[in-house]
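This report concerns only the one structure given below.
Numbering (UniProt numbering), first residue to last: 1 to 294.
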């Protein structure tokens, strides 16, 4: 164990319908065996979570451990970005896509990584005039799915996203989208656009299957207008990443992207951001992360 390792545990008690609150005591106990000092913060609101994360980073903790889902992790990213504090995530939410990208599927993974001193530099996305994001920014059909999934009370977990996808298909309408990167301008009738720093969103859907968090670039996936029957045939391939081979799908790789045209709402890390138009840029190595899985 490294000398005088100081960590803060940020508990988002509402995550996973109270799962984080139920896990908090056990997680804190396990973490105390891997660090020299552990400060505990329980934040029942988003505002409280953001403030606790800022306070912990300003206080100079070595590691900020978030016990929660992608929403809590997203708030912690805002504080940890471009700081000397490393972020760790113990998954306790609905999607847990950032924890999956970090390779920490449980508190045991985080404890092992803390003991071994495992760290990595991860790229982050940043929206101009807006927040950082760690996983995927999306707009169009997929953000509408997010809106619907967030409003649903049942079922829990990734199955909620599957049902939301089917419900949104009924209201599907393509819009004229313009995607501008440093290399090209793409204008087309589109159903969705996903800007991936990591591969997956929505509880493990690899919408940008070839994305890398260390290449300084986004992977973009754009789905063109297509008949519903075509999309229904494509849906099963989303879980495997094979959708990128479909003729209706266009993929790009870029350092930055400006999205404009439709009146879509953009989501990032599963959180509602702002309306399109927006510009986002990949910032290489902006996050120090505690990583598991070897």
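All C-beta atoms, glycine included, are put in the ideal place defined by N, C-alpha and C.
What span of residues does the alpha helix (DSSP H) with residue i cover, start to end?
| i | result |
| --- | --- |
| residue 82 | It is not in any alpha helix (DSSP H) - residue 82 carries neither H nor E in the DSSP assignment. |
| residue 230 | 228-238 |
Tell me which residues share the same chain as residue i and place their Cβ nearer than 7 Å to its Cβ, disregarding the 5 neighbours each side in the sequence.
| i | result |
| --- | --- |
| residue 225 | 174, 189, 190 and 191 |
| residue 51 | none |
| residue 81 | 124, 132, 286 and 287 |
| residue 100 | 200 and 204 |
Helix, strand or coil, according to DSSP, for residue i in the structure here?
| i | result |
| --- | --- |
| residue 246 | coil |
| residue 256 | strand |
| residue 7 | strand |
| residue 42 | strand |
| residue 37 | strand |
| residue 18 | helix |
| residue 280 | strand |
| residue 214 | coil |
| residue 285 | strand |
| residue 104 | coil |
| residue 1 | Caution applies to residue 1, whose pLDDT of 41 falls short of 50 and renders its modelled position unreliable; the model cannot decide the point. |
| residue 297 | Within the shown structure, residues of the chain are numbered from 1 to 294, placing residue 297 beyond reach of any answer. |
| residue 25 | helix |
| residue 48 | helix |
Tell me which residues share the same chain as residue i and place their Cβ nearer than 6 Å to its Cβ, disregarding the 5 neighbours each side in the sequence.
| i | result |
| --- | --- |
| residue 103 | 291, 292 and 293 |
| residue 54 | 79 |
| residue 268 | 133 and 137 |
| residue 122 | 213, 287 and 289 |
| residue 187 | 178 |
| residue 251 | 221 and 244 |
| residue 183 | none |
Assuming residue i is part of the beta strand (DSSP E), what are its boundary residues?
| i | result |
| --- | --- |
| residue 199 | Element bounds for residue 199: n/a, residue is neither H nor E. |
| residue 206 | That residue, residue 206, is in no beta strand (DSSP E); it is neither H nor E in DSSP. |
Strictly by DSSP, which residues pair up with residue i?
| i | result |
| --- | --- |
| residue 221 | 194 and 251 |
| residue 68 | 91 |
| residue 272 | 267 |
| residue 290 | 119 |
| residue 63 | 7 and 86 |
Report all residues from its chain with a CB closer than 8 Å to the CB of residue i; omit the five preceding and five following residues, and keep chain order.
| i | result |
| --- | --- |
| residue 206 | 199, 200, 238, 239, 240 and 241 |
(request) Please list the segments of the alpha helix (DSSP H) lying wholly inside the stretch 114-200, counting only runs of 4 or more residues, in order along the chain. (result) Correct list: 141-151 and 159-169.
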